[in-house]
Structure formats: C-alpha cells, structure tokens
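J.: This structure is in structure tokens; I'll ask about it shortly.
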Amino acid sequence: MLTRCKLIGLLTPRQLELLKSLYELRIQMGAASLWRPKDLGAYRHSHHAKTLSSLEQQGLVEREPCSETVRTQYGYRITTKGHDTFEQFR
C-alpha cells in the first residue's frame, strides 16, 4: 500500500490517463506498436505531447520518430517499467 501511495504522488491524473491508454493498447495491439499523441486523443494545443514527454523522462514510456509526414512526429509506447507501474494502480 505504501508503494502505491508513493506512486500516486509521482503521477498526475493526466499522466495516469495516458499511461492507462498505452497500457490497454499494449495489451490489445502488442508491445511493438507506436502511438502518436493524436491517436491517444490529442488535438491542436493538447497537453498530450508534454505529458508524454514527462512520462518519457520518468522511463514509463519510450519515443521513436514516425516517418508518416514531412515534419517530424514521434510515436510512443509504454515501457516495461510503465507497464509494471500501471499494474500497481489496477
């Protein structure tokens, strides 16, 4: 219980929401799939890119470039650490 309380203090509700989405997508689509912020519900000046960057700094998600458009976009996937962290919330 103490570990869960410590984790709750480290993640904002937005971070937890995106981590949950990536967790569920990993289970449904596999660990190799990459997801862009707009795939996760982002639009225009959404908080998603900044929130995903913060999760990346914590080692909970990883980022790779996507080559779908001329300008550089990144795809994200949950890491093993992110998966294990979300498991503690469930």
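Sequential numbering of the sequence shown, starting at 2, is according to this note's numbering.
In this text, a Cβ means the ideal position worked out from N, Cα and C, and glycines have one as well.
1) Can you give the beta carbon distance from P38 to H49, rounded, assuming they're within the 8 Å contact cut?
2) Which whole-angstrom value describes the C-beta separation of Q89 and S55, a residue pair presumed to lie in contact below a C-beta threshold of 8 Å?
3) Label L19 either buried or exposed according to how many other C-beta atoms from any shown protein chain fall within 10 Å of its C-beta, with 16 as the threshold for buried.
4) Cβ of Y77 within 7 Å of Cβ of W36?
5) Spell out the partners DSSP gives E63 in its beta bridges.
6) Could you check which residue in L12, I79, G60, F87 has the C-alpha nearest to that of G31?
7) If L26 and S34 are in contact, beta carbons under 8 Å, what's the gap, nearest whole angstrom?
8) Taking only beta-carbon atoms, is A50 less than 7 Å away from chain B?
9) Around the Cβ of E60, are there at least 16 other Cβ atoms within 10 angstroms (buried) or fewer (exposed)?
T.: Well, looking at it:
1) Under the criterion of beta carbons closer than 8 Å, P38 and H49 qualify as touching, at roughly 4 Å.
2) That belief does not hold up - the Cβ atoms of Q89 and S55 are roughly 18 Å apart, past 8 Å.
3) buried
4) yes
5) R78
6) With distances taken between CA atoms, G31 lies nearest to I79 out of L12, I79, G60, F87.
7) 7 Å
8) Judged by its chain identifiers, the structure shown contains no chain B, having just a single protein chain.
9) Contrary to the premise, residue 60 reads as Gly rather than Glu in this sequence. That one is exposed.
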